[in-house]
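Participant: This is the structure I have questions about; it appears just below.
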Amino acid sequence: MNYLAHLYLSGNDPELKFGNFIADGVRGAQILQFPERIQQGIKLHRLIDQFTDSHAVVKETIERLRPLYKKYAGVVADVYYDHFLAANFQQFSAVPLDVFAEESYAAIQSRPEWLPPKVQTFLPYMVNQNWLVSYAQVWGISKALKGLSRRTTFESNMETAGEELQLNYDFYHQEFNRFFPDLEKYVKEEIERINTLHLKS
Numbered sequence: 001m002n003y004l005a006h007l008y009l010s011g012n013d014p015e016l017k018f019g020n021f022i023a024d025g026v027r028g029a030q031i032l033q034f035p036e037r038i039q040q041g042i043k044l045h046r047l048i049d050q051f052t053d054s055h056a057v058v059k060e061t062i063e064r065l066r067p068l069y070k071k072y073a074g075v076v077a078d079v080y081y082d083h084f085l086a087a088n089f090q091q092f093s094a095v096p097l098d099v100f101a102e103e104s105y106a107a108i109q110s111r112p113e114w115l116p117p118k119v120q121t122f123l124p125y126m127v128n129q130n131w132l133v134s135y136a137q138v139w140g141i142s143k144a145l146k147g148l149s150r151r152t153t154f155e156s157n158m159e160t161a162g163e164e165l166q167l168n169y170d171f172y173h174q175e176f177n178r179f180f181p182d183l184e185k186y187v188k189e190e191i192e193r194i195n196t197l198h199l200k201s
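Residues in the sequence shown are numbered consecutively from 1, following our numbering.
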């Protein structure tokens, strides 16, 4: 999953949300540098990714995308799924997307001392261009994928992924709808488990 989904799935705990957001910028033993609750957010991010990558519906999406985007098909799928979450955010949250985005940016920026270098690099652009809200529009997803394409080492074709989304929009939307409730259920159970361990520690 991409940024919006990780933030949304973290619930209302600011430290869990922060850890979930920065996780891709944390490698190996670096996790031990962070406070316990942020560590739990980082671990939650990794569990979300593992669940997503192993889910049968996500594999369907990736296989549809693979002829066009090869090794980057999973990246495109993640971004597509963030689009469907953003575009239908009112179905998932009582908080409007623009308010959720502002609250999320504030939570992340409130702990600058814990931001990994990778996150420090892109966060100002994310906030200034309001990526989380732009994901609700196909043009926003297209812009995000074009940006990712420029940063890949190998040819990715991701600059065309906005067109592919428009062309087969209903297929991808149906797959998101089949997958996301399973992910929500799984994450809810994991957060309950994490919280139980947190109270015992």
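Backbone N, C-alpha and C fix where the C-beta goes; we use that ideal spot for every residue, glycine too.
What span of residues does the alpha helix (DSSP H) with valine 218 cover, start to end?
Facilitator: Nothing about residue 218 can be read from this structure; the chain reaches only from 1 to 201.
Participant: Could you pull the start and end residues of the alpha helix (DSSP H) that glutamine 109 belongs to?
Facilitator: Run containing glutamine 109: 97–109, per the alpha helix (DSSP H) assignment.
Participant: Is there contact between the region 163–177 and the region 96–112, where contact requires at least three CB pairs shorter than 8 Å?
Facilitator: Taking 8 Å as the limit for Cβ pairs, the verdict is that the region 96–112 does not touch the region 163–177.
Participant: Reducing DSSP to helix, strand and coil, say where phenylalanine 51 ends up.
Facilitator: DSSP places phenylalanine 51 in helix when its eight states are reduced to three.
Participant: Quick check: the Cα distance between proline 67 and glutamine 91, rounded to an integer number of angstroms?
Facilitator: For proline 67 and glutamine 91, the distance between alpha carbons rounds to 32 Å.
Participant: Buried or exposed: threonine 61, going by 16 or more other Cβ atoms within 10 Å of its Cβ?
Facilitator: Burial call: buried.
Participant: Taking the beta carbon of glutamine 40 as the centre, do at least 16 other beta carbons fall within 10 Å, making it buried, or is it exposed?
Facilitator: Burial call: buried.
Participant: Are the region 49–57 and the region 144–151 in contact at 8 Å, needing three or more beta carbon pairs?
Facilitator: Because the criterion of three Cβ pairs below 8 Å is not met, the region 49–57 and the region 144–151 do not touch.
Participant: Can you tell which of Phe180, Val127, Tyr69, Ile38 has its C-alpha closest to the C-alpha of asparagine 20?
Facilitator: Checked all of Phe180, Val127, Tyr69, Ile38; the closest Cα to asparagine 20 is Ile38.
Participant: Is methionine 158 near leucine 148, with beta carbons less than 9 Å apart?
Facilitator: Yes; because the gap between Cβ atoms is below 9 Å, this pair is in contact.
Participant: According to DSSP, is methionine 126 part of a helix, a strand, or is it coil?
Facilitator: Three-state result, methionine 126: helix.
Participant: Beta-carbon within less than 8 Å of proline 96's beta-carbon, same chain only, minus the 5 sequence neighbours each way: which residues are those?
Facilitator: Cβ within range, chain order: Phe89, Gln90.
Participant: Can you grab the Cα-Cα spacing for the pair valine 79 / lysine 70, in whole Å?
Facilitator: Their backbone Cα atoms lie some 15 Å apart in a straight line.
Participant: Taking the alpha carbon of aspartate 182 as the point to measure from, which residue in Leu9, Arg46, Tyr72, Ser104 has its own alpha carbon closest?
Facilitator: Comparing Cα positions, the closest option is Leu9.
Participant: Please work out which residues of its chain come closer than 7 Å, Cβ to Cβ, to tyrosine 186, disregarding the five sequence neighbours upstream and downstream, and give them in chain order.
Facilitator: Phe51.
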